[in-house]
Amino acid sequence: MSSEEGLSSTITDWLFINSWWLLLPFIMLLVVAAFIVAFVLLLYMISPLISPKPLKLNGAHVVVTGGSSGIGKSIAVECYKQGAFITLVARDEAKLLQAKKEVEKFAINDKQVVLCISVDVSSDYSQVESVIKQAQEKLGPVDMLVNCAGLAISGKFEDVEVDRFKSERRLNSQKLMEVNYLGSVYPTRAVITTMKERRMGRIMFVSSQAGQIGLFGYTAYSPSKFALRGLAESLQMEIKPYNIYVTVAYPPDTETPGLAEENKTKPLETKLISETSGVCQPDQVAKIIVRDAVQGNFNSSVGPDGYMLSALTCGMSPVTSITEGLQQIVTMGLFRTIALFYLGSFDSIVRRCMIQREQSKAADKRE
Ligand SMILES: NC(=O)C1=CN([C@@H]2O[C@H](COP(=O)(O)OP(=O)(O)OC[C@H]3O[C@@H](n4cnc5c(N)ncnc54)[C@H](OP(=O)(O)O)[C@@H]3O)[C@@H](O)[C@H]2O)C=CC1
Ligand SMILES: CCCCCCCCCCCCCCCC(=O)[C@@H](N)CO
């Protein structure tokens, strides 16, 4: 070895020995990252421990209000397919009988029963209480209540008859707050005592994506669906120690007789804005809702827009799995950023429609 080579290797040795501490921040960073990864993994592993025990639908008694049509009927079918006994609740008896026949096609054993009850869920509590009692006498205590009876009216604030926000009752002119909100309070009130005694049960409220955001044309509808969220959160805090779990479902537009009826008078703005999150089939919506209710998830959403909306509007709602909580924490800022773009595009839809209306009005006047 030449003396020059010897010198250079001594220098490298010296540098190595004396500068290892330069790597210290990197090592520390690695250790911290490893801890975070391990912590998250641990959370994922214990997540099932804090989640509610799934409800067995086989042999369970499921009451579905609004079960004679649309989403409610599909929910009844989905539960029946999994072996449940069903009580369908709605007003029109002919529609109920027709739905009963359709549901019965999906029996998986010969003990299963579909019971029909005709009642207006929104008018008189004592009536609702007595029909629920009848149903319990025939098919046993209610294991799951699905509050799906409801309707939508859309129209500009000043165009919706003031009466229809609530007020007096006329035939075929249902009031939104009464049906969508009180029509969920009454059946829930009628089943809750028995559920608490049995220390088990599921209560589902079918809200809407319009129960998460207020939209053009939904000044009467949205509040009636937002109200369900307040009810659900308060109730869940009361009944969680009794092992009863509440689910709020927020579907997008879904192809049902109810939607067809609503579309007859829907403002163009409402149509265009709602199209953002697409149109779903009732069967597809029902599958997701029933799965979430069985698992005891507080939140049930459909599709990517539904997922983002739910994470964004989670507020102080209860969390039913650690994974869900983590996802909300991580995605909140990003989803708010995306939401601002959506809001901008909704505002521009409203502005464009207004300009178009004014132009066609002016043209009409000239003629
Ligand atoms: N379709 C959609 O785009 C969406 C719907 N939703 C919500 O889902 C629920 C179901 O909607 P959808 O399937 O479209 O509706 P449908 O109109 O197809 O069905 C409504 C059901 O509710 C019953 N019902 C209505 N009023 C009463 C009442 N006062 N007492 C008892 N039963 C009643 C109806 O029967 P009857 O008339 O015989 O009483 C029928 O069985 C509603 O709450 C709606 O707001 C949420 C998001 C999207
Ligand atoms: C990150 C943020 C994402 C934002 C996505 C926004 C999507 C808005 C669409 C709202 C659709 C409302 C449908 C109401 C359906 C309904 O309840 C009636 N059809 C009942 O008949």
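Letter by letter, the sequence shown follows residues 652 to 1018 in the working numbering.
Positions of the beta carbon are idealized from the N, C-alpha and C atoms, including for glycine.
Can you tell me whether Tyr993 sits near ligand 2, meaning its C-beta is under 7 Å from at least one heavy atom of the ligand?
Taking the sequence shown and counting its residues from 1, the one referred to as residue 993 is at position 342. Answer for Tyr993: yes, Cβ within range of ligand 2.
Should Lys826 be labelled buried (16 or more other beta-carbon atoms within 10 Å of its own) or exposed?
By 1-based counting over the sequence shown, the position of residue 826 is 175. Answer is buried; the Cβ neighbour count reaches 16.
On the premise that Tyr832 lies in contact with Ser873, defined as a C-beta separation below 8 Å, what is that separation, rounded to the nearest angstrom?
Locating residue 873 in the sequence shown gives position 222, counting from the first residue. Locating residue 832 in the sequence shown gives position 181, counting from the first residue. Ser873 to Tyr832, Cβ: 12 Å. No contact.
Range covered by the beta strand (DSSP E) that runs through Ala900
Position 249 of the sequence shown, counted from the first residue, corresponds to residue 900. Run containing Ala900: Ile895 to Tyr901, per the beta strand (DSSP E) assignment.
Go ahead and pull the three-state DSSP assignment for Arg815.
As a position in the sequence shown, residue 815 is number 164, starting the count at 1. Arg815 falls in the helix class under three-state DSSP.
How many angstroms separate the CA atom of Ser818 from the CA atom of Lys917?
Residue 818 sits at position 167 when you count from the first residue of the sequence shown. Residue 917 sits at position 266 when you count from the first residue of the sequence shown. No answer about Ser818 holds up, because its pLDDT of 46 lies below 50 and its placement is not dependable.
How many angstroms separate the CA atom of Gln785 from the CA atom of Leu910?
For this step, residue 785 is matched to residue 134 along the sequence shown. For this step, residue 910 is matched to residue 259 along the sequence shown. Cα-Cα distance, rounded: 31 Å.
Are there any heavy atoms of ligand 1 lying less than 7 Å away from the beta-carbon of Ile924, as far as the coordinates show?
By one-based count along the sequence shown, residue 924 stands at place 273. Result no, Cβ not under 7 Å from ligand 1.
Quick check on DSSP: helix, strand or coil for Asp934?
Position 283 of the sequence shown holds residue 934. Looking at Asp934 - three-state DSSP - the assignment turns out to be helix.
Quick check: what's the CA-CA separation for Pro933 versus Ile864?
Your numbering for residue 933 matches position 282 in the sequence shown. Your numbering for residue 864 matches position 213 in the sequence shown. If I take the Cα positions, the gap works out to 21 Å.
Within 8 Å, do at least three Cβ pairs link the stretch 956-963 to the stretch 742-754?
no
Among the residues of its own chain, which have a CB less than 8 Å from the CB of Gln1010, if the five just before and after it don't count?
In the sequence shown, residue 1010 corresponds to position 359, counting from 1. So the list is empty, once near-sequence residues are dropped.
Going by the CB atoms, is the gap between Ser781 and Ala741 shorter than 8 Å?
Position 90 of the sequence shown, counted from the start, is the residue given in the question as residue 741. Position 130 of the sequence shown, counted from the start, is the residue given in the question as residue 781. Not in contact: Ala741 and Ser781 (Cβ atoms no closer than 8 Å).
Among Met846, Thr907 and Val764, which one has its Cα closest to the Cα of Thr738?
Along the sequence shown, read from residue 1 onward, the residue named residue 738 stands at position 87. Residue Val764 is the option with its Cα nearest to Thr738.
Just the C-alpha distance for Val793 and Asp1015, rounded to the nearest angstrom, thanks.
In the sequence shown, residue 793 corresponds to position 142, counting from 1. In the sequence shown, residue 1015 corresponds to position 364, counting from 1. For Val793 and Asp1015, the distance between alpha carbons rounds to 59 Å.
Considering only DSSP beta bridges, list what Asp1015 is partnered with.
Indexing the sequence shown from 1 puts residue 1015 at position 364. DSSP, once it has assigned bridges, lists no residue as partnering Asp1015.
Starting from Gly852 and walking both ways along the beta strand (DSSP E), at which residues does that stretch end?
Numbered from 1 along the sequence shown, position 201 holds the residue referred to as residue 852. Unbroken beta strand (DSSP E) run through Gly852: Gly852 to Val857.
Note down, one range per segment and in chain order, each beta strand (DSSP E) of at least 3 residues found wholly within the stretch 941-974.
950-952
Span of the beta strand (DSSP E), counted from its first residue to its last, around Leu739
The residue you call residue 739 lines up with position 88 of the sequence shown. Note, Leu739: beta strand (DSSP E), Phe736 to Ala741.
Beta-carbon proximity list for Gln935, same chain, < 8 Å, skipping 5 on both sides
Here the question's residue 935 lines up with position 284 in the sequence shown. So the qualifying residues of the chain are Val953.
Tell me the residue span of the beta strand (DSSP E) that contains Ile768.
On the sequence shown, residue 768 is found 117 positions in, with the first residue counted as 1. First-last of the beta strand (DSSP E) with Ile768: Val765 to Ser769.
On the CB-based measure, 16 or more other CB atoms within 10 Å of its CB, does Glu1018 come out buried or exposed?
Here residue 1018 refers to the residue found at position 367 when the sequence shown is read from its first residue. By the neighbour-count rule (16 or more Cβ atoms within 10 Å), Glu1018 is not buried but exposed.
Cβ contact check for the stretch 799-809 and the stretch 709-722: 3 or more pairs under 8 Å
yes
Which same chain residues, not among the five before or five after Lys732, have their C-beta less than 8 Å away from its C-beta?
Here the question's residue 732 lines up with position 81 in the sequence shown. Closer than 8 Å at the Cβ level, and outside the excluded window around Lys732, lie Phe757 and Ile759.
Sequence-distant residues of the same chain with beta carbon closer than 6 Å to Pro705, five excluded per side
As a working mapping, residue 705 is identified with position 54 in the sequence shown. Val945 and Gln946, listed in sequence order.
Can the beta-carbon of Arg850 be found closer than 8 Å to that of Gly862?
In the sequence shown, residue 850 corresponds to position 199, counting from 1. In the sequence shown, residue 862 corresponds to position 211, counting from 1. No; because the gap between Cβ atoms is not below 8 Å, this pair is not in contact.
Less than 7 Å between the CB of Thr839 and some heavy atom of ligand 2, yes or no?
For the purposes of this step, residue 839 is identified with residue 188 of the sequence shown, where counting begins at 1. No, the beta carbon of Thr839 sits no closer than 7 Å to any heavy atom of ligand 2.
Does ligand 2 have a heavy atom nearer than 7 Å to the CB of Phe686?
For the purposes of this step, residue 686 is taken as residue 35 along the sequence shown, with counting starting at 1. Because no heavy atom of ligand 2 lies under 7 Å away, the Cβ of Phe686 does not count as near it: no.
Measuring only the C-alpha atoms, how far is Leu836 from Ala684?
Your numbering for residue 836 matches position 185 in the sequence shown. Your numbering for residue 684 matches position 33 in the sequence shown. The displayed chain sequence assigns Val, not Leu, to residue 836. Computed Cα separation, rounded: 48 Å.
Buried or exposed: where does Val795 fall if 16 or more other Cβ atoms within 10 Å of its Cβ makes it buried?
For the purposes of this step, residue 795 is taken as the residue at position 144 of the sequence shown. In the sequence as displayed, the identity of residue 795 is Met instead of Val. Per the 10 Å Cβ criterion, buried.
Host alpha helix (DSSP H) of Val842 (start-end)
Counted from its first residue, the sequence shown places residue 842 at position 191. Per DSSP, Val842 belongs to the alpha helix (DSSP H) from Gly834 to Arg849.
Ordered along the chain, which non-local residues of its own chain (more than five positions away) have a Cβ less than 8 Å from that of Glu975?
On the sequence shown, position 324 is the one that residue 975 refers to. The answer, listed in chain order, is Asn948 and Asn950.
Under the three-state reduction of DSSP, which class applies to Leu747: helix, strand or coil?
Taking the sequence shown and counting its residues from 1, the one referred to as residue 747 is at position 96. Helix at Leu747.
Does the beta-carbon distance from Pro903 to Asp943 come in below 8 Å?
Counting from 1 along the sequence shown, the entry for residue 903 is found at position 252. Counting from 1 along the sequence shown, the entry for residue 943 is found at position 292. For Pro903 and Asp943, no; Cβs fall outside 8 Å.
Indicate the three-state DSSP secondary structure (helix, strand or coil) for Val772 in the structure shown.
To locate residue 772, count along the sequence shown from 1; it is residue 121. Three-state result, Val772: coil.
Does the distance from the CB of Lys847 to the CB of Ile783 come in under 8 Å?
Here residue 847 is taken as the residue at index 196 of the sequence shown, counted from 1. Here residue 783 is taken as the residue at index 132 of the sequence shown, counted from 1. No, these two residues do not count as a Cβ contact at 8 Å.
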